[in-house]
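When you line the sequence shown up against mature numbering (1 follows the signal peptide of the UniProt record, and there is no 0), it's residues -24 to -1, 1 to 279, in that order.
Each remark here refers to the structure printed beneath this line.
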Amino acid sequence: MKKLVLLPLIIGLLALLWSCNNQQPNENRTIVSGQLQVLTDETLLPIMEEQVAVFEHLYRQADVALSTGQENQIITKLLNGDAEVVILTRLLNDEEKKFFEARSFQPRIHQFATDAVALIGNQSNADSVLTVEDLIGIMRGEQPAGQQLRLVFDNPNSSTVRFLKELAGVDSLPTANLYGMKSNADVLRHVYETPQSIGVLGINWIVRPDSSLRKYAEGVKVLGVRNEAGKTGGDGYYKPSQSNLAEGLYPLSRPVYVINAEPRRGLGMGFAAFLTGLSGQRIILKSGLMPDSLPPRELFIRK
């Protein structure tokens, strides 16, 4: 008889334990633990791989799945809810903001670096400089006097193409002297092997290449760029160094943002805080990009 009385209690206890175990993964989603998918602009992949590796090393219960995409694809996934944390080189436009406003929600957006759109050339090219006027001309289907240059992009829908289209004030690309690849790595290889080509890619692919690309990164040259007359950087040719980015002298610079559209506090908030914090900014400083806030340096003076 006692067994019959205890049986419902035992079943109820087992059901409670099963329920608690199934809820545990949700309870473990904090700002420093759980799983998170981050979608990054492909031009920023090397630096973001390093950021994720250090973040997961510091927070052992955090699992960040990093993937890349074209800028328009990333935005589409963000609006569709297929991605909650993305890394982009532009802010949301008015139409994209209205999408979130209609849902009474505002993504949390933080700038954490300044990137440089680098121009690279084949070692056999005689010229190692280019003006913004010449670059705009090429984007409009014109060629600099006495030259025949071909711009090579990672792909037609990349953020670098959008950046240069805005710079040149064009809505479409000319059919001649522009060539789209599939990735920044392909741009490196193509310029390494092809004279008279000018590659367009994120600077961290040059400064921090992986072992498979080091030969190509070391075998091309980074071009100096002169801005339009009357603008900052219009008095000379400047390369995309961190000092030139800090002083605003390199004309092809752009901000880098982390956009967190998580509906509640979670690992996305912790990862964004890491990117803008001391550790994340130190990684940016080593990557060739310009950190949003310079990490302090401590000097110990011995008597």
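The beta-carbon is built from N, C-alpha and C at its ideal position, and this holds for glycine as well.
These numbers come from a predicted model, not from an experiment.
Between Ser100 and Ile23, the alpha-carbon positions lie close to 29 Å from each other. The C-alpha of Ala89 is placed about 14 Å away from the C-alpha of Pro216. Between the region 174 to 190 and the region 118 to 136 there are three or more inter-stretch CB-CB distances shorter than 8 Å, so the stretches are counted as touching. Cβ atoms of Glu60 and Gly244 come within 8 Å of each other, at about 6 Å. With contacts defined as CB atoms closer than 7 Å, Pro227 and Val62 fail to qualify as a contacting pair. By the Cβ-count criterion, Ala92 is buried, with 16 or more other Cβ atoms from all chains shown falling within 10 Å of its own Cβ. Secondary structure of Tyr35 (DSSP, three-state): coil. Under a 10 Å Cβ-count criterion, Glu47 is classified as buried, with 16 or more other Cβ atoms of the shown protein chains found around its own Cβ. Note: Asp91 is bridge-paired with Arg230 in the DSSP secondary-structure output. In the three-state DSSP reduction, Ile179 falls in the coil class, being neither helix nor strand.
Counting every other CB atom within 10 Å of its CB across the protein chains shown gives Phe81 a total below 16, marking it as exposed. Cβ neighbours of Pro231 within its own chain (closer than 7 Å, five residues either side excluded): Thr65, Gln87 and Thr90.
Three or more beta-carbon pairs drawn from the region 146 to 160 and the region 112 to 125 are found closer than 8 Å, and the two stretches are therefore classed as touching.
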